[in-house]
Amino acid sequence: MCRLQAYDRNFNFGHNGSLASDSDYKMTLPDAATFKDINTDSKIPDVTEAEVDNYLSLYDQTLRKKITDMYNGRFLRTIRSSHMDTMTFVKGRVSAEMSKSCVYIVDISLDIHGVVQESQCECTAGTGPNADCKHVALVLFALTKAKEGIWTKETCTQTLQSFHQVKVTGEVR
Numbered sequence: 007m008c009r010l011q012a013y014d015r016n017f018n019f020g021h022n023g024s025l026a027s028d029s030d031y032k033m034t035l036p037d038a039a040t041f042k043d044i045n046t047d048s049k050i051p052d053v054t055e056a057e058v059d060n061y062l063s064l065y066d067q068t069l070r071k072k073i074t075d076m077y078n079g080r081f082l083r084t085i086r087s088s089h090m091d092t093m094t095f096v097k098g099r100v101s102a103e104m105s106k107s108c109v110y111i112v113d114i115s116l117d118i119h120g121v122v123q124e125s126q127c128e129c130t131a132g133t134g135p136n137a138d139c140k141h142v143a144l145v146l147f148a149l150t151k152a153k154e155g156i157w158t159k160e161t162c163t164q165t166l167q168s169f170h171q172v173k174v175t176g177e178v179r
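In our numbering, the protein residues as written are 7 to 179.
As structure tokens, this is what we get:
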């Protein structure tokens, strides 16, 4: 009986949607259709690593080597932004560290000076309004790279096919 009750509590186990209940915190976000991909020409507030460190230090966190390793490992799937009044909203999709097939949605709101106002993540540690999990830190770190180009996970069409190419052997005929 106990196992059945535990099973009923985990009704959403295995779903890709948010695991948070309706009573948990949820940010007010602009319409999904207003979000656009961030590129080097995007009009987003400048975010520096010092500002990200300042935000994370409020919660006894720092930009650890793990965050830069996740960024360089291309755990960031997508990053998009939307503007509403004086606020900029950033939505990122980040692969989980242990399973790249699991993706967490990260939402961050910034004021015109690039100061984080709210943040949330779908992971257990990322409850808002001031989420400080590694997924939020990764999206904030990616924003510091916006002017030089943000690295995201490569899709299958971004790499050149190799199965129609001549194989090089050591023999000369």
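Where is the CB? At the ideal position from N, CA and C, for every residue including glycine. Just so you know, these numbers come straight off a predicted model, no measurement behind them.
Alpha carbon of residue i to alpha carbon of residue j, nearest angstrom
i, j, result
"T92", "P51", "10 angstroms"
"S125", "I114", "4 angstroms"
"T175", "F169", "15 angstroms"
"T46", "D66", "31 angstroms"
"V145", "E103", "14 angstroms"
"T68", "D37", "32 angstroms"
"L35", "F95", "7 angstroms"
"A39", "T74", "30 angstroms"
"V58", "H89", "20 angstroms"
"D117", "S107", "32 angstroms"
"K105", "S48", "The sequence as given places Ser at residue 105; Lys does not occur at that position. One C-alpha to the other measures close to 31 angstroms."
Residue i in three-state terms, based on DSSP
i, result
"K159", "coil"
"L82", "strand"
"G132", "helix"
"I114", "strand"
"H89", "strand"
"D174", "According to the sequence as given, residue 174 is Val; it is not Asp. In this structure, V174 counts as coil in the three-state DSSP scheme."
Close beta carbons around residue i, own chain, < 7 angstroms, minus the five adjacent residues each side
i, result
"C139", "C127, C129, A131, G132"
"I44", "I50, I85, R86, S87, A152, I156"
"K72", "K140"
"A137", "S125, Q126, C127"
C-beta contact flag for residue i and residue j at 8 angstroms
i, j, result
"K188", "L82", "Lying before the first or after the last residue shown, residue 188 is absent from the chain, which here runs from 7 to 179."
"V5", "Y77", "In the structure as shown, the chain starts at 7 and stops at 179, and residue 5 therefore has no counterpart that could be examined."
Neighbourhood of residue i by C-beta distance below 8 angstroms, restricted to the same chain and skipping five residues each side
i, result
"H119", "P51"
"Y5", "Nothing can be reported for residue 5, as the shown portion of the chain is limited to 7 through 179."
Cutoff 6 angstroms; reference residue i; Cβ partners in own chain excluding five residues on either side
i, result
"Y110", "V100, C127, E128, C129, H141"
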